[in-house]
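In what follows, a single structure is set out as structure tokens and then discussed.
Residue numbers (the numbering used here): 417 to 715.
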């Protein structure tokens, strides 16, 4: 389902078939490509305030709905992060983009962004990960409720149960969810919650959303096996956490994974950094994206 969100000036809505799945995206601007990958329970519109700023700084911005969300199709499978990384790569190819991309991912989108950079390091010039616990590198600890971890991972990973519990109560649940995870009052007023809920309403939409969680343990095994075999991210990596959410834990978890790692903690923010503290986030993001992707003297 699509919503009625007005597109930012200079942007257009497109639908392409990539990796066998119809994917919706909003694109605009010109210059070096920046791929923005949203998390759960959101769609492309999580980036709507950031997209004009990126375009104004000379970037071609691509903000898709991940498979199973928004106006993209909801296939029964393919929610592992490697498959979704291929979704994004083929979507970019449909737009004539075959490398030199800056990938920015929040939450579940950050897991897809990591998979893209891990699988295709020569094609990713910069990687930005925002507010997530990465499978294989801290997520398993974050979901361990016996050690103080967060409850929702286990709930969402359980087949059928969360759909049965939340169908018909999507708006109520998401109002609680955004309030629980955000730190800036007013970031998600009721009309905003209702718009988000329209993309996740009904059993099938909920099922597709939770499918992103039901691959997380396997995603972690894949990531760890890559790293244990000597895998390292060669591109510059920016790891961003909100002060009242992930903080510096994401950057700390990547210490052995990324050789060119920068960490940033956004003061006063909860989980939804691009919406809660847009200016502070842009202050970290824009200089990072403009830095050379390779050290001086290297080609």
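Just so it is clear, CB atoms sit at the ideal spot from N, CA and C, and this is done for glycine as well. Predicted, not measured: the structure shown is a model, and the values here were computed from it.
Endpoints, the alpha helix (DSSP H) within which residue i is located
i	result
residue 448	Residue 448 -> not in any alpha helix (DSSP H); beta strand (DSSP E) instead, spanning 448 to 453.
residue 396	With the chain represented from 417 up to 715, any question about residue 396 goes unanswered, as that position is not in the structure.
residue 666	665 to 669
residue 427	No alpha helix (DSSP H) contains residue 427, which is instead part of the beta strand (DSSP E) from 427 to 434.
residue 625	619 to 627
residue 561	Note, residue 561: premise wrong, no alpha helix (DSSP H); not H, not E.
Start-to-end residues for the beta strand (DSSP E) that takes in residue i
i	result
residue 506	Segment 497 to 510 is the alpha helix (DSSP H) holding residue 506; no beta strand (DSSP E) there.
residue 680	677 to 682
residue 480	475 to 480
residue 518	517 to 522
residue 686	Where residue 686 is concerned, there is no enclosing beta strand (DSSP E), given that its DSSP letter is neither H nor E.
residue 656	653 to 658
Classification of residue i by the beta-carbon crowding that lies within 10 angstroms, buried from 16 upward
i	result
residue 478	buried
residue 485	buried
residue 700	buried
residue 442	buried
residue 619	exposed
residue 695	exposed
residue 637	exposed
residue 578	buried
residue 662	buried
residue 458	buried
residue 437	buried
DSSP state of residue i mapped onto helix, strand, coil
i	result
residue 578	helix
residue 547	coil
residue 599	coil
residue 489	coil
residue 540	strand
residue 418	For residue 418, the pLDDT reaches just 48, beneath the cut-off of 50, and the residue's location in the model is therefore unreliable, leaving the point undetermined.
residue 554	strand
residue 424	coil
residue 466	coil
residue 707	coil
residue 532	helix
residue 644	helix
residue 458	coil
residue 699	helix
residue 604	coil
residue 614	helix
residue 634	helix
residue 587	helix
residue 494	coil
residue 714	Note that residue 714 scores a pLDDT of 49, beneath 50, so its modelled location is shaky; the value from the coordinates is reported in the next line. Coil, per DSSP.
For residue i: DSSP bridge partner residues
i	result
residue 566	Looking at the DSSP assignment, residue 566 forms no beta bridge with any residue, so it has no partner.
residue 441	430, 480
residue 471	According to DSSP, which records beta bridges pairwise, residue 471 is partnered with nothing at all.
residue 674	649
Sub-7 Å separation of residue i and residue j beta-carbons
i	j	result
residue 541	residue 505	no
residue 656	residue 677	no
residue 431	residue 461	no
residue 602	residue 616	no
residue 496	residue 483	no
residue 572	residue 582	no
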